[in-house]
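Undergrad: There's a structure below that I have some questions on.
Following this line, the structure appears as C-alpha cells:
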C-alpha cells in the first residue's frame, strides 16, 4: 500500500513512548491485522526501513490478554516451516515476493 506521496505504508501502527522523564524510550508496534505487539528502537520510514527490535518488559505488562508480545529473540529468529503453515495464500505470495529473513520482518513490514 502506498500513501498520497507514493511512499510505502507500514502494515502496523506505531507509537513512541518514553518514561522516567525520557530516560527510557521505545516504539510500540501493533500489527494492523493480528493482535501482535513488538517493541523497537525509533523506526526510520525512509530509505532502508529496517526495524531494530528490542525487549521492553516495562511496556509489555500494559497489554492485556489477547495480545501476543513478540520478544526480540522471536522477532529476530528465522522463519520456520511451522510459521508458514499459519499464513494465508495472499500472505505466502507476499512472503515469496519480498523474501523476509526474520519473523519480525514478516509480521512488521512496509510492503506495498
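In my numbering, the protein residues as written are 1182 to 1293.
Even glycine gets a Cβ: it sits at the ideal position worked out from N, Cα and C.
On the three-state DSSP scale, how would you describe residue 1205?
TA: Strand.
Undergrad: Can you list, in chain order, the stretches of the beta strand (DSSP E) that have 3 or more residues and sit fully within the segment 1224 to 1280?
TA: With a minimum length of 3 residues, no continuous beta strand (DSSP E) run stays inside the segment 1224 to 1280.
Undergrad: What is the rounded straight-line gap between the Cα of residue 1193 and the Cα of residue 1256?
TA: Taking the straight line joining both Cα atoms gives about 14 Å.
Undergrad: Could you tell me the boundaries of the beta strand (DSSP E) in which residue 1222 lies?
TA: No beta strand (DSSP E) holds residue 1222; DSSP gives it neither H nor E.
Undergrad: Going by Cα to Cα distance, which pick from 1248, 1250, 1284 and 1247 is closest to residue 1263?
TA: Nearest of 1248, 1250, 1284 and 1247 to residue 1263, Cα basis: 1284.
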